[in-house]
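Residue numbers (our numbering), protein chains in the order written: chain U, 1 to 281; chain L, 1001 to 1442; chain F, 2001 to 2208. Below is one structure, written out as structure tokens; comments come after it.
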Amino acid sequence: MRSGQMKSEMKGFGKTLAGSAIFHALLFTLAFFVFGTESGRVFISPVYTVDLVPGPKGKDAGAARPEPAPAVKEQAPLPEAKQEAPAVKQSAPTVKIKEKPASIDNALKAISEKVQKRNDEEAVSSSIDDIRKRVEAKKEANAKLSKLREELSTSESRPAPTEAAMRAAKPGNAPARAGSTGGSLESKYPAYYGIIRDRVQQNWIYPPGTRESKTSVIISLKIARSGKILDASVEKSSGNTVFDESLLSAVWKASPFPPLPVEFEGNYLETGIRFCPGCQL
Amino acid sequence: MKSLKKATLTIAVFLFVLISPAWGKVYIDLAAPASKKVPIGVQEFKDLSGAPSAKDKAERDKLKKELFDAVVTDLKFSGFFSVIDSKANLEDPASSGITAAETDFKSWRAIGADALVKGGFLVEGDRLTVEVRFFDTATERQVLGKRLVGSMRNPRRIIHFFSDSLYEELTGNKGVFTTKVLFVSNSGGNKEIYIADYDGRNSMKLTRNRSINLSPQWSPDGKKMLYVSYKKGTPAMYLLDLTTGRDEQLSSKSGINISGRFSPDGNKVALTLSGEKSPELSILDLNTKEYKKLTDNHGIDVSPAWSPDGSKLAYVSDGSGNPHIYVLDLLTKNTKRITFNGKYNSSPAWSPDGRQIAFARSDSGKFNIWTIRPDGTGLAQLTFEGDNRNPSWSPDGRYIVYSSAARGSASLKIMRSDGAEIMKLNTGIGGERAPAWSPYLK
Amino acid sequence: MNGIFVRILPVVFLGTALFVTGCQKRVSTEDLAGQADSTQAQSNVAGTEVVPEGGAVGEGGVVTAEDIKGNSDARLGGSYASLTPGGDELTKKAVEKGQLFTIYFEYDKYTIRDIDMENLTKNAKWLGLNGSIKVRIEGHADERGETEYNLALGDKRARSVMKYLQDMGIQVQRLDVVSYGEEKPAMDGQGEDAWSKNRRAEFVIIAN
């Protein structure tokens, strides 16, 4: 009786285990498909031959040219490889992931063959984690450098202000009130805007532990024609008074600001300084 | 129905919350520090000839400092990097090498460096060989490596050559690290003309006549300097060959021969001469030595600035009562006034891309630098305090050098063409005015 | 049921294992390339670039024509006896004796003011009486404006005075004109007190 019960329990357990394993495997595979495509990982290998001897061919030959900056050229192969993928499907030693094998037996066979081949070809063994970490770091660094290059090639003289201007312009411009410029400070006086921003930025010392905070703090600021601060206060707290105070004191340290632009009408300029370190800019 | 109402209400509230705080006020958004700048580490330069003798050590240490300082200055000036204080450097230059294989990138990543510059030098008499390498610390790869040979007398120049290459590598555009600035200084008692690197270093006196020397200007090939001098008694125009030192009188007509500017093709000089009625604009053909008068009126016409395509001249005239800027089309002979505000508008300078004219404007005594489009639209104020004059564009149009005076002392400053403050030039001379940024040199 | 499970499981696991190793494989490929690249990159420093001698004036400083001639003090050059206002003895005397007056101007103006007319006329008369005297009219401006514009302004002021004297019958050969712009103020400093003293046309005797 007992063994029978156990057996049936085992059976039940086995079912759940199998089911769970399949589910997880499917999820896993799905994840690779989805995330793989997004991050540009290629499932189907473009024809890289792996030679143990230094000086590999293929994509690497290009990067090994005496021309400097392989890092620059490195970006190119990744998207190119992505496009190569469908073409490569036709060439020989690749796994046709998208095609469904005629039967499970055939599938098993193909898969084990491939694994065998891979095992044969694999030469350098490094810890998986290490490599993964490097890929991540490299992606991040490449992303940073390439982002920089992007910015440099597209931007002319007003990089940051244009972005901020677009954001600022969206909510719409209120009509100018006496003393304030409504929505026009940045578009009308970009240089002045930039100077306030740069000076406050330079004077701001982060309180420790707040770098990644996603809450924002807004300091409202009133500047007299002479550039002196008429009023500076926390308009919207981040919830952390130390953080709020650090920005407020940066604003004071950055003052007095230069005299307001000549063509600015009104006796004072009303604006706000907003900061959200963890927010994407 | 109920759920629809609920949904609409939620959306409405959501939108309201999204929009309302921004009503009526524009926010200045601060970026996370160094989020746009790449943190970079710079290691002390390595003496590749091994340990120097006792008598050479002091000189070598000085050289190391100079090379290091030039690298840091260039990296900072590019605007792409925030240089990590070298006190934080963990890797010991004595025990590490300067190639990727000999670098412990982990220690650089540990101090937050995303990029790294290392270098070494070899001294052979007067000959100085410098090797500089730029690395990506994440991929642990070298992005650029150069070996340059130059003179011991000017180590910074060697670094500037490298920086030009690095800049071009990263951006695809030419760097301005090897460009120079001409300027006037009266720190010696009278106004003489000097030249310095773009960062103000390596300054050198070019005129020594103890007279009054003014308005230095570059020839388009960067080899000659146009200037005005009273060395023979009256304001005449001279041409100094910067490569040979040969000095030639270019224009000494009766009266004033001033505000000369080379045309972009280098064949002509626009200048102001005394006319019968008033100082007038003229063009001197350098090949035929003939003058062609451009203006003929009762106003003062000075300070011509050529458009990059050589078809127009922006200049200052008091024809409307006080000094304003006009644009003269050399083909159609049409003149258009482009400034209407301010009490005094002067020293126009056309940007290298032809899209803007920088100039100095005074509203209540003190001047500031403004820019305007050649058609008169897009007026923008770039500086807001002090007395700022004589804007001159960098050859890539990214920067403007100008003279800035406050409380009697004058110095040269560089700002980005959108008004962002960059740096003050430390020439060590003092009283610097009338800067002129060179074209691309090399 | 069990059988199917048993058979599917390995397939699934192998399949996933394959993908995983596959990705890693690509990773290591790139890694190798990276390392190979750095050894390659080593050699791109082999091409040495020679930094040419400083384009501007070499590195030894420029030698100007003045230096070669050895006659470097322009103050002593030619018929221009003095660069300092009123530094000439003769002129000093004439000014002291009230024979040659400095003419002053309004800001950014070059027209002769009514209050200066008397002095200018006196100058003209004195010159008329002393036919051998040649003068140089030096035009100046205050320091507020820009250098080049002020040179032109000083020129206009001097010529405006010269024209007046010519109209009064003084021959043009006896009149010389030069502008110093803002370069030689009569009084240093700021404020209208100094500025008004610098906006002037000065008479300097250059021959007699």
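Ideal placement from N, C-alpha and C gives every residue a C-beta, glycine not left out. Quick caveat, the model's predicted, so the values are computed rather than measured.
For residue i, would you say it is in contact with chain L, using Cβ-to-Cβ distances shorter than 8 Å as the test?
i                      : result
residue 22 (chain U)   : no
residue 244 (chain U)  : no
residue 268 (chain U)  : no
residue 265 (chain U)  : no
residue 207 (chain U)  : no
residue 254 (chain U)  : no
residue 2145 (chain F) : yes
residue 2108 (chain F) : yes
residue 200 (chain U)  : yes
residue 2179 (chain F) : yes
residue 2048 (chain F) : yes
residue 13 (chain U)   : no
residue 2118 (chain F) : no
residue 262 (chain U)  : yes
residue 2175 (chain F) : no
residue 2051 (chain F) : yes
residue 2151 (chain F) : yes
With 8 Å as the threshold, decide whether the Cβ of residue i is near any Cβ in chain F.
i                      : result
residue 1322 (chain L) : yes
residue 1005 (chain L) : no
residue 1289 (chain L) : no
residue 1281 (chain L) : no
residue 1201 (chain L) : no
residue 1337 (chain L) : no
residue 1302 (chain L) : yes
residue 1261 (chain L) : no
residue 1391 (chain L) : no
residue 1316 (chain L) : yes
residue 1386 (chain L) : no
Which term fits residue i, buried or exposed, when burial requires 16 or more other beta carbons within 10 angstroms of its beta carbon?
i                      : result
residue 1127 (chain L) : exposed
residue 1150 (chain L) : buried
residue 2183 (chain F) : buried
residue 1415 (chain L) : buried
residue 1368 (chain L) : buried
residue 1244 (chain L) : exposed
residue 2173 (chain F) : exposed
residue 1030 (chain L) : buried
residue 1383 (chain L) : buried
residue 2140 (chain F) : buried
residue 1118 (chain L) : buried
residue 1237 (chain L) : buried
residue 1276 (chain L) : exposed
With 8 Å set as the bound, which would you pick, yes or no: does the beta-carbon of residue i sit closer than that to a beta-carbon of chain U?
i                      : result
residue 1419 (chain L) : yes
residue 1040 (chain L) : no
residue 1363 (chain L) : yes
residue 1358 (chain L) : no
residue 1296 (chain L) : no
residue 1033 (chain L) : With a pLDDT of only 49 at residue 1033 (chain L), under the threshold of 50, the placement of this residue in the model should not be trusted; the figure read from the coordinates follows. Cβ-Cβ to chain U under 8 Å: yes for residue 1033 (chain L).
How many whole angstroms separate the CB atoms of residue i and residue j, which I take to be in contact at a CB cut-off of 8 Å?
i                      : j                      : result
residue 1443 (chain L) : residue 1113 (chain L) : Here chain L covers residues 1001 to 1442 and nothing more, so residue 1443 (chain L) does not appear.
residue 1279 (chain L) : residue 1301 (chain L) : 6 Å
residue 1227 (chain L) : residue 1193 (chain L) : 6 Å
residue 1256 (chain L) : residue 2155 (chain F) : 5 Å
residue 1370 (chain L) : residue 1307 (chain L) : No, residue 1370 (chain L) and residue 1307 (chain L) are not in contact; Cβ-Cβ is about 18 Å, not under 8 Å.
residue 1134 (chain L) : residue 1166 (chain L) : 6 Å
residue 229 (chain U)  : residue 252 (chain U)  : 7 Å
residue 1476 (chain L) : residue 1246 (chain L) : Not covered by the structure: residue 1476 (chain L). The range shown for chain L is 1001 to 1442.
Inset, instruction - Would you list, in chain order, the members of the stretch 1112-1124 of chain L that have their beta-carbon closer than 9 Å to a beta-carbon of chain U? - result: 1114, 1115
Legend entry - Where the stretch 2153-2167 of chain F meets chain L: residues whose CB sits under 8 Å from a CB there: 2153, 2155, 2156, 2159
Inset, instruction - Please name the residues in the stretch 220-238 of chain U whose beta-carbon is closer than 8 Å to at least one beta-carbon of chain L, in chain order. - result: 220, 227, 236
Legend entry - Contiguous beta strand (DSSP E) assignments of at least 3 residues, all confined to the stretch 1119-1186 of chain L: 1127-1136, 1141-1151, 1180-1185
Legend entry - Interfacial residues, the stretch 1049-1079 of chain L to chain U, with Cβ spacing under 7 Å: none
Inset, instruction - Can you give me, in chain order, the residues of the stretch 1137-1171 of chain L that have a beta carbon less than 7 Å from any beta carbon in chain F? - result: 1139, 1141, 1142, 1145, 1146, 1147, 1148, 1149, 1150, 1151, 1153, 1154, 1157, 1158, 1161
Legend entry - alpha helix (DSSP H) runs contained entirely in the stretch 187-231 of chain U, provided each spans 4 or more residues: 190-202
Inset, instruction - Please name the residues in the stretch 1394-1409 of chain L whose beta-carbon is closer than 7 Å to at least one beta-carbon of chain F, in chain order. - result: none
Inset, instruction - Within the stretch 2144-2189 of chain F, note down every full alpha helix (DSSP H) run reaching 4 residues or more, in order along the chain. - result: 2147-2167
Inset, instruction - At 3 residues or longer, and completely inside the stretch 1289-1326 of chain L: list those beta strand (DSSP E) runs for me, N to C. - result: 1291-1293, 1301-1306, 1312-1317
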